[in-house]
Amino acid sequence: QKLILSSYCGTKMFILYLSLSISVPNRMEPKNKYKSLAYITLTLITSITIFLAYRTSLLEFNYDFEDFFPKNDIDANFYKEYRKTYGSENDFLIIAIEKEGTFKHDFLTEIQDITKEFKALKNVTRVLSPTELKQPIITSFSFFETPLLHLEDSETLKTDSAIIYNSKEWKNTFFGENRKSLVLLIEHTPQLRGEEAAQLIHQTNKILERHKIYKHYQSGRILAENVFINKMQEELSLFISLSIVLLIFFLWIAYRSAWGILVPLSAVLISIIWTCGIMQLTGYKIDILTVLLPSILFIITISDITHFLSKYLEELRNGANKEHAFLSALKEVSIATFITALTTAVGFITFLNAQMQPIKFFGIYAAVGVFISYIVAFTYMPAIVILLPKPKIASSHNNEHFWYKRLHRLLQWVFQNHKLIIWGSIALCSLSILGILKIQINSTIIDDISDKDHLKKSLYYIENNFGGVRPFELEMNLEPNNPSFFSLETFRKVQKIHEYLEQHYGVNNIISPVSMVSLVHKAQNGGINTFYSVPNSEIELTQILRRLQKEQNRKELRAYFKNKGRKLRISGRVRDEGSMIFDGKNKKFQTFMDSLNNSIPNPILSYHITGSASLVDKNNLQIANDMILDLIIGVLTIGVIIGILFKNVKMAILAIIPNFAPLILIAGIMGACDMNLKASNSIIFSIAFGIAIDDSIHFLSRLKEELAKGKTLFFAIKTTYLSTGKAMLITSLIVISGFCTMIFSDFGGTFYMGLLVSLTLVFAIAFDFLLMPALLINFFNKKRK
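Note that the sequence shown covers residues 269 to 1053 in our numbering.
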């Protein structure tokens, strides 16, 4: 609120000062005052820019997976406690190695050497390797373990491989479904991030290269975060470079002079430096969304500047001197531009309701950047035009004739077909509703990674050969006055749950009391695979449960039993089928649990599905729903702002309709193309609406001025169309091109933001030039028609 007020008041004071100055009779005195004020302004802006450029150079990149968890949420708080109790399911680096002849002596010996080198690395707490796996054997007199793989004997290895692929506990866990790959699990320091995480990844890769293990696939939280940070750094440079090139191109088309390129470009760069410097000063790091801010600020700032310059040059061509031209441009454009800054900021401010921290802070810094762009445009630009000589382009009318001729033809067609345009727009929006009805809210963990990226290929490989990449975590609790999990009655309930999860939910590699009982049963029967099951004998099962109860404080069991067997963890892996699929599975599991508990007089089991993947699903669903509500709030807020500032309800409605209709069209296209709604693309609607409405505001603001001069409606529309229309077209082309640069991103969310926002803005400018005049003719000020 303070930033908005200071931006508006500062600009008004600047304009007021110039207005008072121009009324002084002595013409030399105001010119000196203009120049003095310009020098002071530029000195201040330069000083601030140098300081904030230094702060910008200190900006760091960050991608924290947990930032995407909902904040102050019951499930998120539960997960934090769950992780403290049992440990995290994400503190592993998974390395799958593929090679023909997996069970050959030389290869397994090398894997053992690699395992030892991994263990020696900093921040590695444990390495689970196929070469070090043991099979427990329990006899009447002793307990001992035998190696799963006998590395010293090539013939025995053949037998080992047959045993492994006939077992339930080893196949698809450490040994791949394709029979030519195995997995190493590197457990690292909890919550490892930053330089230490990057160093661990680098060191593991060096070890694999040294051993010439070129065909390997990796996954893990620290790997994904490291890949995202590297991609963000690359894409920031890419987006800024492309934006500068496009900006120069369009400025040359618009102004055909070095003056028309360098002046706007410098203003844009100052706005970006100020915004990024403020980000660093407030302690925020560049993340997957704020990496887009420079490109968005390129778009927003050049829009403000283009409208100012277009009006300034128009006044010069009409015979005004330089001082009167820029003052007139300030008076007529600054207020409309302030309104556009406010409405654009509202589009971003609606993100404050988001539960996801990156979206919330993206909204905050984007809104700040919008007002910084406004401040720079109406302080730096006037100061520059005061000090620089009158541009040569101001004496050229050839370029204006090009725009005038084409816009005049289009306007004539609109006047002749205004009813057709209105009914055609209604038909398009009605058709789009059919597509909207097909939209589903769905996302996967690896949605935003490019199909070409090695990380995504690795995740697919691990998912297809090792049971899945998505962790499944569930805690079960016994209600009071019920026996512990080590009792026969309770265990049978847990067994049914284990079987349901395996057969119907699709959980692979399950570790639960059932898998532990099966392992002990196998160990008591000489390690034979056929005995990896729950014993049929109640006596034998009771004995195994008692053995587990005695051993529950062992390290291996502490991660699954708590509170003397009254709390239990079930973990595993599932295929990443999408949040919508898992929402359905969770509902069916709830029905199953209800029927299980209802089979006895008093329910004994309660449960909670948790884990990082479950939280991200919940957040995506919440954000997609919230963004629809936020968009409605944003549209109504912007409508109220326009209505108050224009003091006309019709103006507000006429500004909203041509810019809300493109959102309906783009949502219809999403549905028709089977594009799911998720966190990464749901935010595009608020962004697109906040930016698209700028042109409508400039159009209506100029129209209001023309009507105030006593012109008829048709003549006022014509004057507005041919003058403001050029600036609208130029800014729209720049804005659309700026968002188009995002389609070169390797992040799916960024790609679709660029594509969908660009399409929305294409529709918006088309509606501004076609539907808005048609609506004005039919519904505005009919008495004066």
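All C-beta atoms, glycine included, are put in the ideal place defined by N, C-alpha and C.
In this text, all values refer to a predicted model and were calculated from it rather than measured experimentally.
*asked:* Using only the alpha-carbon positions, how far apart do Ala-535 and Ser-356 sit?
replied: 48 Å
*When DSSP labels each residue in this structure, what does Asn-776 get in the three-state scheme?*
Collapsing the DSSP output to three states places Asn-776 in a strand.
*Considering only C-alpha positions, which residue in the set Met-500, Asp-942 and Leu-933 is nearest to Phe-1031?*
Leu-933
*Expressed to the nearest angstrom, what Euclidean distance is found between the alpha-carbon atoms of Ile-1045 and Phe-982?*
8 Å
*Roughly how many angstroms separate the alpha carbons of Gln-811 and Glu-741, rounded to a whole number?*
28 Å
_Comparing C-alpha positions only, which one of Asn-821, Arg-822, Glu-819 and Ser-786 sits nearest to Ser-805?_
Ser-786
*At which residues does the alpha helix (DSSP H) containing Pro-1041 begin and terminate?*
Start and end: 1016 to 1047.
*Just the Cα atoms here: how many angstroms apart are Arg-826 and Gln-820?*
6 Å
*In this structure, what does DSSP give as the bridge partners for Phe-740?*
Gly-840
_Tell me the DSSP secondary structure of Asn-473 in three-state form._
Of the three classes helix, strand and coil, the one that applies to Asn-473 here is helix, per DSSP.
*asked:* Just to check my reading of the structure: Thr-324 and Ile-508 have Cβ atoms closer than 8 Å, yes? What is that Cβ distance to the nearest angstrom?
replied: Not confirmed; about 12 Å, so no contact.
*For Leu-507, name the three-state secondary structure that DSSP assigns.*
Correcting the residue type first, residue 507 is Phe in the shown sequence and not Leu. In the structure shown, Phe-507 adopts helical secondary structure according to DSSP, grouped into three states.
*Taking Glu-806 as part of the alpha helix (DSSP H), name the residues at either end of that continuous run.*
Start and end: 806 to 818.
*With a CB to CB cut of under 6 Å and the five nearest residues on each side skipped, what residues in its chain are close to Phe-1047?*
none
*Tell me where the alpha helix (DSSP H) around Tyr-729 begins and ends.*
722 to 733
*Does DSSP put Leu-286 in a helix, in a strand, or in coil?*
Only weak support is given to the placement of Leu-286: the predicted model assigns it a pLDDT of 41, under 50, and the value that follows is read from those uncertain coordinates. Helix at Leu-286.
_Nearest to Tyr-433 (by Cα), restricted to the options Thr-424, Phe-443 and Tyr-642_ = Phe-443
*Take the Cβ of Ala-1042 as the centre, count every other Cβ of all protein chains shown within 10 Å, and call the residue buried at 16 or more, exposed below.*
buried
*Could you pull out every residue in the same chain whose Cβ sits closer than 7 Å to the Cβ of Ile-985, ignoring the five residues on either side in sequence?*
Leu-971, Pro-1041 and Leu-1044
*For Ile-554, count neighbouring C-beta atoms within 10 Å of its own C-beta (all shown protein chains included) and say buried if the count is 16 or more, exposed if not.*
buried
_Helix, strand or coil for His-966? Go by DSSP, reduced to three states._
In the displayed model, His-966 falls within a helix according to three-state DSSP.
*What's the C-alpha gap between Gly-1139 and Ile-406?*
Not covered by the structure: residue 1139. The range shown for the chain is 269 to 1053.
*Return the first residue and the last residue of the alpha helix (DSSP H) that Thr-758 is part of.*
Taken as a continuous stretch (DSSP letters only), the alpha helix (DSSP H) holding Thr-758 covers 756 to 768.
_Beta bridge counterpart(s) of Ile-363 as assigned by DSSP_ = Leu-452 and Gln-486
*From this set, Ile-694, Tyr-800, Arg-814 and Asn-733, which residue's C-alpha is nearest Phe-753's C-alpha?*
Out of Ile-694, Tyr-800, Arg-814 and Asn-733, Arg-814 has the C-alpha closest to the C-alpha of Phe-753.
*asked:* Taking the alpha-carbon of Asn-710 as reference, which of Pro-659, Val-682, Ser-700 and Gly-846 has the nearest alpha-carbon?
replied: Gly-846
_I'd like to know whether the C-beta of Lys-946 is nearer than 8 Å to at least one C-beta of chain C._
Protein chain content of the structure displayed is limited to a single chain, and chain C is not contained in it.
*Please report the residue range of the alpha helix (DSSP H) in which Thr-1055 lies.*
The chain is shown only over 269 to 1053; residue 1055 falls outside these bounds and no answer can be derived.
*asked:* Going by C-alpha to C-alpha distance, which of Met-1021, Asp-1014, Lys-994 and Phe-1015 sits closest to Gly-1006?
replied: When only C-alpha atoms are compared, the closest one is Met-1021.
*I think Ile-1033 touches Asp-963, with their Cβ atoms under 8 Å apart; what is that distance to the nearest whole Å?*
6 Å
_Measuring straight from C-alpha to C-alpha, what distance separates His-592 and Leu-675?_
27 Å
_Is the separation between the beta-carbon of Tyr-989 and that of Leu-679 shorter than 8 Å?_
yes
*asked:* In whole angstroms, give me the CA-to-CA distance for Arg-524 and Ile-318.
replied: 30 Å
*Classify Asn-854 as helix, strand or coil using the three-state DSSP reduction.*
Annotated three-state conformation of Asn-854 is helix, per DSSP.
*Where in the region 398 to 449 do unbroken runs of the alpha helix (DSSP H), each at least 4 residues long, occur, reported from the N-terminal end onward?*
422 to 433
*Which whole-angstrom value describes the C-beta separation of Ile-379 and Gly-488, a residue pair presumed to lie in contact below a C-beta threshold of 8 Å?*
About 18 Å separates the two Cβ atoms, so there is no contact after all.
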